[in-house]
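S.K.:
In the working numbering, the protein residues as written are 9 to 919.
1) Report the residue ranges of all alpha helix (DSSP H) runs contained in full by the region 725-789; include only those spanning at least 4 residues, in chain order.
2) Skipping 5 residues on each side, what residues in its chain have a beta carbon closer than 8 Å to that of residue 68?
3) Quick one: measure Cβ to Cβ for residue 160 and residue 503, integer angstroms, because I've assumed they're closer than 8 Å.
4) Verify whether the separation of the beta carbon atoms of residue 609 and residue 648 is less than 8 Å.
5) Measure the alpha-carbon distance for residue 888 versus residue 506 and round it to whole angstroms.
6) Output needed for residue 602: all residues of its chain with C-beta closer than 6 Å, excluding positions within five of it in sequence on either side, in chain order.
7) Rounded to the nearest angstrom, what separates residue 181 and residue 750 at their Cα positions?
8) Would you mind giving the Cβ-Cβ distance between residue 194 and residue 226, rounded to the nearest angstrom? I have them listed as a contact below 8 Å.
9) Measuring CA to CA, which of 110, 420 and 90 is closest to residue 50?
10) Could you work out which residue in 191, 162 and 208 is closest to residue 198 when comparing CA atoms only?
11) Per DSSP, which one or two residues make a beta bridge with residue 918?
12) So, residue 541 versus residue 530, is the Cβ gap smaller than 8 Å?
13) Should residue 333 be labelled buried (16 or more other beta-carbon atoms within 10 Å of its own) or exposed?
14) Roughly how many angstroms separate the alpha carbons of residue 472 and residue 767, rounded to a whole number?
15) Check this for me: beta carbons of residue 374 and residue 341, under 8 Å apart or not?
16) From what residue to what residue does the beta strand (DSSP E) around residue 569 run?
17) Three or more C-beta pairs closer than 8 Å, one from the region 302-316 and one from the region 138-150: is that the case here?
18) Give the secondary structure of residue 116 by DSSP, where H, G and I count as helix, E and B as strand, and everything else as coil.
19) Round the Cβ separation of residue 563 and residue 543 to the nearest angstrom and send it over; I've been treating them as touching at under 8 Å.
20) With burial defined as no fewer than 16 other Cβ atoms inside 10 Å of the residue's Cβ, what is the status of residue 729: buried or exposed?
21) So residue 650 and residue 576 are supposed to be a Cβ contact under 8 Å. How far apart are they, rounded?
22) From the DSSP secondary-structure annotation, give me the bridge partner or partners of residue 904.
23) According to the Cβ coordinates, are residue 586 and residue 599 closer than 8 Å?
24) Return the residue from the list 706, 702 and 737 that minimises the CA-CA distance to residue 715.
25) Alpha carbons only, please: which of 348, 433, 377 and 331 is nearest the one belonging to residue 387?
26) Drop a sphere of 10 angstroms on the beta-carbon of residue 4, count the other beta-carbons inside from all chains shown, and report buried for 16 or more, exposed for fewer.
27) From residue 422 to residue 277, what does the alpha carbon distance come to, in whole angstroms?
28) Are the beta-carbon atoms belonging to residue 83 and residue 104 less than 8 Å from one another?
29) If residue 469 and residue 448 are in contact, beta carbons under 8 Å, what's the gap, nearest whole angstrom?
30) What residue range is occupied by the uninterrupted alpha helix (DSSP H) comprising residue 7?
31) Taking residue 155 as part of the alpha helix (DSSP H), name the residues at either end of that continuous run.
32) On the premise that residue 616 lies in contact with residue 450, defined as a C-beta separation below 8 Å, what is that separation, rounded to the nearest angstrom?
33) Taking only the alpha-carbon atoms, compute the straight-line gap between residue 743 and residue 274 and give it to the nearest angstrom.
34) Would you decide whether residue 329 is buried or exposed? Buried here means 16 or more other CB atoms lie within 10 Å of its CB.
35) So who's on the other strand from residue 302, going by DSSP bridges?
36) DSSP three-state label for residue 587, please.
Structure, rendered in structure tokens:
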């Protein structure tokens, strides 16, 4: 690495190796490693007991000693960069010789070359846990995809919006993620101070050239899965011609010693008393420091006469406030015991005489809380394995991921939406990973197989690996797209612009509401067809699905995932018709599956095809643009309402009045809807012209949306993926609302629309917090027992000097007055109670929007209030007049002769 300098960018420290240091170290090599290392059985086996090869051994020890001095400088930077970490300095590296010796036991076969390789790997394994180890330091590291993914994960999950915390977490997560692979490179990397002087950690060129890569791999393997370790280090390595032929190396043995020794060094030397006292830490780090500060060295458990068990005890008890630290200690003991057991299994399978299993095979108290408390003690409390348990997991998943969650939504509709959503997310993820991919498509079919209906959804998205298919897919409540597993499966996806519509990790389980059986086949899109894995739930919701390598039917090279759901008998009728509404009040209306599918997917932002055996693929209507022909828009609106049902709806749409106003709705520059404000008074059966989709998928269960013509997609408000259809505009960005709604009001203001058709629209606009004054053009009054519809331009003439009464029986709401809909007043009742007074009527109100009726008429700036009375005041002022508002209480005699006292707000106009 030409031009490489040892530089700590944040602290401004430049580490330069002294050119005389190697000679000084060589002369004093015997003093460099502490007695604890040289007295360990592994060191003795490698370097002391092999007296026949003194010169060769001296060469190895000298090189290792000089490397230790350099690793000391490098590892000392770990605490500077990440002070929350327990000790990772050279004291930790030295301790692994002792810990490894304890685990292996005395007389473990270990030759000098193995000693050198293991020693070098020990020195390397944690040296990359600081910025200093990386080319360009912290700044360069933050340009990597790994850092960007980590930052995106922590930034999105940080509810307090603390960007510094997100960056710090991303720094450590990135270094931790990369350090195992980075240390593999450190073994052979050159750092140059100038054109003539370069430095290596391993300065012996022969040892570096022939064993550097192996040393780096063993060092990095301490973070690998044990299966990867056994697969990578599956054979012996013979010595070079310069070294004795008996020095055969078994890399698997060395990797196993390193990972077990690293797991086993958890005593107080890693969390010294003084540093524990002076360094401030967060709670999680504090627990790790306390746990290790309280723990003793790893020793043989003498109560086990077989000599195969190890023991760690606490040097003082954990009190109740330190309970979480005790559990950290327990987890460390469990991990160590698991590592030893797995490594012994690997060595037993390797089966080489010079790479035997370790003497010890377990740690006392591992996986047994009661036994561990005998050696890792507590005071004032007692650890117990009592946990929140779910006795019947299948039942809970069925309930929370099924009918109880989705309530009044049709089960078939829920399942179809969830499957299409998953396919859509997979396609968008692939587009983020592979920008040249432009052919994403979802294909849906309803197939009749052995007298059963089978719903099939296929996509060519990112696909799932076997670990995802058997892991996150089945992890109830855990969204794969929001997990850090995405980082390892698809690097760069977390930090890309990809936004999944699935958020809660529950949707897949909704399938079992309607399924007799479920089959999921998937592969990563970049893998060949033989990589398909198939997961079968043969009897609905079961915790033990079958995994196989079988290919999905009619597999093609562009298929990534196929989900097949064998439907139960109530999901769809024998004719292939789907229940449109679940609510009984709407009756049992069914539609053909293609029409149901067309409505469900009308807002999806990838192509959706309907497949029918013997017929060509049918591309379903997708959201048009406002510039498209009105026939295309009308066809889409009909599709929104499942066609057959929608044909009746289209009869109510006025091409001139309605479709000329339809406009695109954008959210962050992405089209999420195409709609116009709806107007019109419905009599008899009520048909909606508009739909609100959740994450691009439409639910027909609520019968649509009464305030728009067209459709709009909004984010979900909860795991059931619902939102109030009449309040959708609050779910889009303010910029989107401000771009669309005022234009709609302006377009309607140019039209002459009857009060009964516009009244409901006015209330929606006001309820959303926007000004509806331009479309408030007409009012309804009663005078002398007769109803009058009065245009605003004639309002002053009609009112004259008469008072106008607004019914206020709603009283006070949050210190504001509320105007109620006026009770219907017939001619005789009017004449009995009123004389030459005007009553404001609101006969055509369908919805009661509080914002529209609330008023503070004592406000001197009453005309600025976005409400009915504010509109009256604004109009009066525009006519150059003044108003006088006051409360009056009237005694009203009803038809039965009973007297009611009613509070009115009275308006008097002064010219």
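Don't be surprised by glycine CBs; every beta carbon is placed ideally from N, CA and C.
M.R.: Concretely, from the data shown:
1) Listed in chain order, they are 742-757 and 763-775.
2) Around residue 68, the same chain offers 55, 120, 121, 123, 124 and 215 as residues with beta carbons nearer than 8 Å, after the five sequence neighbours per side are excluded.
3) About 4 Å; that satisfies the 8 Å criterion.
4) Between residue 609 and residue 648, the CB-CB gap reaches or exceeds 8 Å.
5) Using only the alpha carbons, I get a separation of about 56 Å.
6) These residues qualify, in order along the chain: 618.
7) Roughly 47 Å separates the two Cα atoms.
8) Contact between residue 194 and residue 226 is absent: CB atoms are separated by about 13 Å, not below the 8 Å threshold.
9) That would be 110, whose Cα lies nearest to the Cα of residue 50.
10) Here the closest residue by C-alpha is 208.
11) In the DSSP output, where bridge partners are listed per residue, residue 918 has 890.
12) Between residue 541 and residue 530, the gap from beta carbon to beta carbon is short of 8 Å.
13) Counting the other Cβ atoms within 10 Å of the Cβ of residue 333 gives 16 or more, which makes it buried.
14) Approximately 52 Å between the Cα atoms of the pair.
15) Yes; because the gap between Cβ atoms is below 8 Å, this pair is in contact.
16) Run containing residue 569: 569-575, per the beta strand (DSSP E) assignment.
17) In short, these stretches do not touch, since the Cβ pair count stays below three.
18) The answer is coil: DSSP assigns residue 116 none of H, G, I, E or B.
19) Residue 563 to residue 543, Cβ: 16 Å. No contact.
20) Confidence is the limiting factor: at residue 729 the pLDDT is only 45, short of 50, which leaves the residue's position unreliable, though a coordinate-based value still follows. Residue environment analysis places residue 729 among the buried positions, since at least 16 neighbouring C-beta atoms fall within 10 angstroms of its C-beta.
21) Residue 650 to residue 576, Cβ: 22 Å. No contact.
22) Residue 904 is not bridged by DSSP to any residue.
23) In this structure, residue 586 sits near residue 599, with a CB-CB distance shorter than 8 Å.
24) With distances taken between Cα atoms, residue 715 lies closest to 737.
25) The shortest Cα separation from residue 387 among 348, 433, 377 and 331 belongs to 331.
26) Outside the shown range of the chain, which is 9 to 919, sits residue 4, and nothing can be said about it.
27) Their backbone Cα atoms lie some 57 Å apart in a straight line.
28) Inclusion of residue 83 and residue 104 in the CB contact set at 8 Å is not warranted, their separation being larger than that value.
29) Confirmed, Cβ separation roughly 7 Å.
30) Nothing about residue 7 can be reported from this structure: the residues present for the chain run from 9 to 919 only.
31) Under the DSSP assignment, residue 155 falls in the alpha helix (DSSP H) whose first and last residues are 153-165.
32) About 5 Å separates the two Cβ atoms, so the contact holds.
33) Rounded to whole angstroms, the gap between the alpha carbons of residue 743 and residue 274 is 55 Å.
34) With fewer than 16 other Cβ atoms within 10 Å, it is exposed.
35) Looking at the DSSP assignment, residue 302 forms no beta bridge with any residue, so it has no partner.
36) Judged by DSSP in its simplified three-state form, residue 587 adopts strand.
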